[in-house]
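Following: one structure in structure tokens, then a few remarks.
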Amino acid sequence: MANCLLNHWLSVLVLVMWLGLNVFLFVNAFLSYEKGDKYYYTREILGSALAWARASARCLNFNSMLILFPMCRNLLSFLRGTCSFCRRTLRKQLDHNLTFHKLVAYMICLHTAIHIVAHLFNFERYDRSRQSTDGSLASVLSSLSHQEKEGDSWLNPMQTTNMTVIYMTLTSIPGFTGVIITIVLVLMVTSSMEFIRRSYFEVFWYTHHIFIIYFIGLGIHGIGGIVRGQTEESIKENHPYRCAEFFEKWDDHDFHCKSPQFEGNSAESWKWILAPGVLYFFERILRLYRSQQQVMITKVVMHPSKVLELQMIKRGFSMEVGQYIFVNCPSISYLEWHPFTLTSAPEEDFFSIHVRAAGDWTENLIKAFEQQNSPIPKIEVDGPFGTASEDVFQYEVAMLIGAGIGVTPFASILKSIWYKFQHADHNLKTQTIYFYWICRETGAFAWFNDLLASLEQEMEESGKVGFLNFRLFLTGWDNNIAGHAALNFDKATDILTGLKHKTFFGRPMWDKEFSTIATIHPKSVVGVFLCGPQALEKCLRKCCHQYSSLDPRKTQFYFNKENF
Amino acid sequence: MGQIEWAMWANEQALASGLILITGGIVATAGQFTQWYFGAYSIVAGVFVCLLEYPRGKRRKGSTMERCGQKYMTKVVKLFGPLSRNYYVRAFLHLGLSVPAGFLLATILGTACLAIASGIYLLVSGVCGQPADAMTPQSLQPPAG
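Protein sequence lines, in the order shown, are assigned to chains A and B.
The opening residue of the first sequence carries number 1 in the UniProt record's numbering; numbering runs sequentially from there.
The opening residue of the second sequence carries number 1 in the UniProt record's numbering; numbering runs sequentially from there.
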């Protein structure tokens, strides 16, 4: 628990601040509508539902304001670059932008539910008090109408007895926009479910852009002044505490209490969402501008198992390890942008990606490049965008774990480390690297295998064998493979990969690995980097906490995860 | 677009609509709103839709993640026979179920969402040319392993 807090204190702080602000805004708005004199008469008709609706509305405004910020990739990259003094913890926090975005989205859904339920009660109560003829204060207030000579004295938006709540909703701006933006919210949420996102990315990507409708609708939602409170002047003439019980006498000319006058609250949502909206708009313009810069493809390599490698150059492009870019191919689809991790090192004079066939778009891309006779399709690139891998050089000891396709960012890291090591780069604090590659079978990653083989060879030639340690784990083994391996146990190179480091079968035993590393490096700070599935993440986080000693001078494991 | 199984999204949308119908129905019934009996209907319709949509159908390509506890629901759903298998039937069923809830403000959101889910199911079977009988009994079985 103590270790958990140490590793994540900034995340916890941000979360606590965010929740705290939500609670504060909610309670503040709630009390102002529940206790304020201005809304005394409104409460006569609506009760507490008014305060619930307004408090949740305030939180909705707040969260709608926040939700766009984590999506401004370029702003975040900029922040990441400028905060070099607090690199480790702040940069890790910026990785959690997607998590924060989702949390804020859940909060928006919660408050939407509260807001709608409260307004359902509000509309029902307005309807009832309009219909009622019992002469109560509520019904008197409801009968104050638009036609009064003294200006705006109406309180109840349902002016006639035969107006239904549905009609009221669908013909008023707040009601209509409310229904529309809620439907939009539901559609966005259902198409962002993890299952849909992972399996049918396009459904998620396109549907999510209806957030524009959400924001426009939210901006105009408050127009109409349906939420009404007493005007200041009217409170002087008719203070609720003095006059409410004598409501039958309001019409008497000599009575000291006159009929109350009401005014509608003006729309305030736009004040919250204007700035982030503009910021996000600039973010998109910037992305568009960056993507229009010409990309030249210098080399196209078709690897076995349908993996396409594209080596490209672009003016002004500079990257760091483990970053990713968004790629668009107009001849396949104008609007789709797909993320790919960069597999080249910053020291190389080109940047590259390896594309595996994993869906409609990637298959079409590979097909387009396979055709010998037609010209090479044009590619647009946006990025690069940063992730935790940039920190990898700051740790004395690094544990890099790549599962399946997650091994891709490590191609960049390993190449870069090797370049830096060869040139005795001062920025490189890393002394030892443990690289774990876990996959079913190496088929689609034969290219990565070649990279490891060449690194292994170069290390031997330089006499620095202990620097990079590989552990390869094949989880898709069967008796044949195991038998074969057993037979060839004594050979110097592994029969499957051809590497000097032997392949292991089955999953790694993390407890053993962590305790071994903790023993070999008793005073080091070990960075653990994972690119892989969530189940593995949980396991590794646990091990990091377990094997980090409470004494800050002894072995500390810090966990970092890639995410898209 | 050809590889996208829209039915998967329709399934998520319908499940969400079911929950919205139930919530709206509870609010209307508990608050004893005018014409609250539509709310009571909405609760029943919502529960039915949720039960029907909870088991996630098998994907045509790739592995399917089951929803938690899906196997018990699958047995119940299979009893409904062609109702649960055919996308056209589902589309019209959802459309039909959503109409009565449209008369009450508390449940009108459920109507809209369910109608959209119905539209996506229709899109699947009609426009995209995916076979209407896509959900065979085997597809409602939880995937092996």
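No residue lacks a Cβ here, since even glycine has one placed at the ideal position from N, Cα and C.
Just so you know, these numbers come straight off a predicted model, no measurement behind them.
Got a sec? Which residues, its chain only, sit under 6 Å from residue i by beta carbon, not counting five neighbours each side?
i: R287 (chain A); result: D382
i: T432 (chain A); result: V397
i: N156 (chain A); result: Y126, R130 and S142
i: I438 (chain A); result: A403 and F473
Should residue i be flagged as near chain B, meaning a C-beta pair shorter than 7 Å?
i: V278 (chain A); result: no
i: I183 (chain A); result: yes
i: T169 (chain A); result: yes
i: L536 (chain A); result: no
i: A388 (chain A); result: Residue placement at A388 (chain A) is flagged as unreliable, the pLDDT there being 47, under the threshold of 50; a coordinate-derived value is accordingly withheld.
i: V104 (chain A); result: no
i: I166 (chain A); result: yes
i: E441 (chain A); result: no
i: G36 (chain A); result: no
i: E461 (chain A); result: no
i: E370 (chain A); result: no
i: E336 (chain A); result: no
Listing by chain order, which chain A residues have their CB less than 9 Å from the CB of residue i?
i: Q13 (chain B); result: V186, L187, T190 and S191
Consider the Cβ of residue i: report whether some Cβ of chain A lies at a distance smaller than 7 Å.
i: F33 (chain B); result: yes
i: W9 (chain B); result: yes
i: V27 (chain B); result: yes
i: residue 155 (chain B); result: Residue 155 (chain B) lies beyond the range of chain B shown here (1 to 145); nothing can be said about it.
i: F97 (chain B); result: Reading off the sequence, residue 97 (chain B) comes out as Leu, not Phe. So, not an interface residue.
i: A16 (chain B); result: yes
Around the C-beta of residue i, are 16 or more other C-beta atoms found within 10 angstroms, so that it is buried, or is it exposed?
i: E124 (chain A); result: buried
i: Y395 (chain A); result: buried
i: T161 (chain A); result: exposed
i: A55 (chain A); result: buried
i: H96 (chain A); result: buried
i: H484 (chain A); result: exposed
i: L66 (chain A); result: buried
i: C68 (chain B); result: exposed
i: W510 (chain A); result: buried
i: V104 (chain A); result: buried
i: P409 (chain A); result: buried
What in chain A is Cβ-close to residue i, meaning under 7 Å?
i: A101 (chain B); result: Within chain A, no residue comes near A101 (chain B); the closest Cβ sits about 12 Å away, beyond 7 Å.
i: C113 (chain B); result: I183 and V186
i: M65 (chain B); result: F195
Which chain B residues sit within Cβ distance under 9 Å of residue i?
i: L110 (chain A); result: Per Cβ cutoff of 9 Å: no residues; L110 (chain A) is ~12 Å from chain B at best.
i: V179 (chain A); result: I108, L109 and A112
Going along the chain, which residues of its own chain have a beta-carbon closer than 8 Å to the beta-carbon of residue i, five neighbours each way excluded?
i: G466 (chain A); result: T432
i: T136 (chain B); result: Because the pLDDT of T136 (chain B) is 40, which lies under 50, any placement of that residue in the model is unreliable, and the number read from its coordinates should be weighed accordingly. Cβ within range, chain order: R85.
i: L428 (chain A); result: F393, I417, K420 and F421
i: L97 (chain B); result: A45, F48, V49 and L114
i: A275 (chain A); result: M65
i: P174 (chain A); result: H221, G222, I223, G224 and I226
Cutting at 7 Å between CB atoms, please list the residues of its own chain near residue i, excluding the five before and the five after it.
i: Q13 (chain B); result: C113, I116, A117 and I120
i: M459 (chain A); result: V465, F467 and L468
i: A16 (chain B); result: C113
i: H119 (chain A); result: A53
i: Y280 (chain A); result: L68, M71 and C72
i: T23 (chain B); result: none
I want to verify the contact list: residues of chain A whose CB lies under 8 Å from the CB of residue i, in sequence order.
i: A106 (chain B); result: L120
Could you name the residues of chain B that residue i contacts, counting a contact when the two beta carbons are closer than 7 Å?
i: V300 (chain A); result: Result: empty, since nearest Cβ-Cβ is about 24 Å, beyond 7 Å.
i: E202 (chain A); result: I4
i: V117 (chain A); result: V27
i: S305 (chain A); result: Going along chain B, no residue has its Cβ under 7 Å from S305 (chain A), so there is no contact; the nearest lies around 17 Å.
Listing by chain order, which chain B residues have their CB less than 8 Å from the CB of residue i?
i: E320 (chain A); result: Result: empty, since nearest Cβ-Cβ is about 33 Å, beyond 8 Å.
i: D127 (chain A); result: T34
i: F123 (chain A); result: L105
Would you say residue i touches the ligand ATP, meaning its beta carbon is less than 6 Å from a heavy atom?
i: L218 (chain A); result: As far as ligands go, the structure on display features none, and thus does not contain the ligand ATP.
I'd like to know if residue i contacts chain D, where contact means its C-beta is closer than 7 Å to some C-beta of that chain.
i: Q394 (chain A); result: Absent here is chain D; the protein component of the structure consists of chains A and B.
Cβ contact check for the segment 248-263 of chain A and the segment 207-216 of chain A: 3 or more pairs under 8 Å | Contact fails: fewer than three Cβ-Cβ distances are below 8 Å.
Three or more C-beta pairs below 8 Å linking the segment 409-423 of chain A and the segment 541-551 of chain A = At 8 Å Cβ cutoff, the stretches do not touch.
Just checking, does the segment 402-411 of chain A make contact with the segment 527-536 of chain A on the three C-beta pairs under 8 Å criterion?
-> Contact between the segment 402-411 of chain A and the segment 527-536 of chain A is present, because at least three Cβ pairs lie under 8 Å.
Report yes or no: do three or more beta-carbon pairs, one from the segment 227-242 of chain A and one from the segment 191-206 of chain A, lie closer than 8 Å?
-> As far as the Cβ criterion goes, the segment 227-242 of chain A does not touch the segment 191-206 of chain A, which means the pair count is below three.
Is the segment 339-348 of chain A touching the segment 291-306 of chain A in the sense that three or more CB pairs, one from each, lie closer than 8 Å?
-> Flag = no, the segment 291-306 of chain A and the segment 339-348 of chain A do not touch.
Taking three-plus beta-carbon pairs below 8 Å as touching, is the segment 353-360 of chain A in contact with the segment 304-314 of chain A?
-> Short answer: they touch.
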